[in-house]
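Here's the structure, in structure tokens; my notes come after.
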Amino acid sequence: MSVLPIHFHPDAVLRKKCETVTEITTDILTLLDDMVETMYDEDGIGLAAPQVNVPKRLIVVDVEQREKGEPGTPIKLINPEVIMKSDNLTVLDEGCLSLPDMRVEVARPDSVTVRYMGINGATQEIHATDLLAKCLQHEIDHLNGVLIFDYLSPLKRNIVLRRYQKNMRHAGDM
Ligand SMILES: [Zn+2]
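Going by the working numbering, the sequence shown opens with residue 15, and the numbers climb by one from there.
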């Protein structure tokens, strides 16, 4: 397994509508393993394939890592989609590995049911609440080219993006 480089906003790959995976090849399985390793290496709780420059509908998540401080059981999801969501929205302060140092308060349903294909090719469903529900929605957003600051009003988005661009320029200086 290897750690893959993360791509940052404004890389165009992050804005693509990702392709559906039609066949589970060894390349796809290796990519999913590498995504898990990359997620742990970055201390993330989720990662989507476009973040490592692959515009395909693949995500990995492990929220136990955050809750327990050590890797739990990673879930690898192929072609995930939200098939049910709660009416009740809650706000979470979210970050993103492709947006270093940016935090955005995002209101999302607090529970969802996600259908996906597992690595064995079988269709599966997860009913998720709390942090896992938020994480799954955040990662599925990536597959549709959606980033957390898209949820902000134009005014707030400008402020957050100006700060981000300034930080990224400084990071580039070092
Ligand atoms: Zn993200």
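We put the beta carbon where it would ideally sit given N, CA and C, even for glycine.
beta-carbon residue i near ligand 1 non-hydrogen atom, thresh 7 Å
| i | result |
| --- | --- |
| residue 184 | no |
| residue 21 | no |
| residue 112 | yes |
| residue 141 | no |
Closest residue to residue i among the options (Cα-Cα distance)
| i | options | result |
| --- | --- | --- |
| residue 147 | 54, 83, 94, 71 | 94 |
| residue 92 | 169, 38, 174, 156 | 38 |
| residue 89 | 140, 177, 23, 80 | 140 |
| residue 87 | 50, 121, 122, 165 | 50 |
| residue 26 | 82, 44, 67, 179 | 67 |
| residue 115 | 40, 24, 182 | 182 |
| residue 17 | 30, 40, 44 | 44 |
| residue 100 | 142, 130, 166 | 142 |
Distance CB(residue i)-CB(residue j) smaller than 8 Å
| i | j | result |
| --- | --- | --- |
| residue 61 | residue 42 | no |
| residue 128 | residue 113 | no |
| residue 46 | residue 133 | yes |
| residue 124 | residue 102 | yes |
| residue 98 | residue 126 | yes |
| residue 63 | residue 110 | no |
| residue 21 | residue 65 | yes |
| residue 105 | residue 121 | yes |
| residue 19 | residue 54 | no |
| residue 77 | residue 145 | yes |
Residues bridged to residue i [DSSP beta-bridge criterion]
| i | result |
| --- | --- |
| residue 107 | 119 |
| residue 113 | In the DSSP output, where bridge partners are listed per residue, residue 113 has none listed. |
| residue 130 | 138 |
| residue 89 | 75 |
| residue 143 | 125 |
| residue 99 | 126 |
| residue 70 | 33 |
Spatial neighbours of residue i in its chain, beta-carbon cut-off 7 Å, leaving aside the 5 residues before and after
| i | result |
| --- | --- |
| residue 35 | 42, 70, 71, 72, 92, 93 |
| residue 30 | 64, 69, 159 |
Cβ neighbours of residue i in the same chain (closer than 6 Å, five flanking residues each side left out)
| i | result |
| --- | --- |
| residue 107 | 117, 119 |
| residue 163 | 118, 171, 174 |
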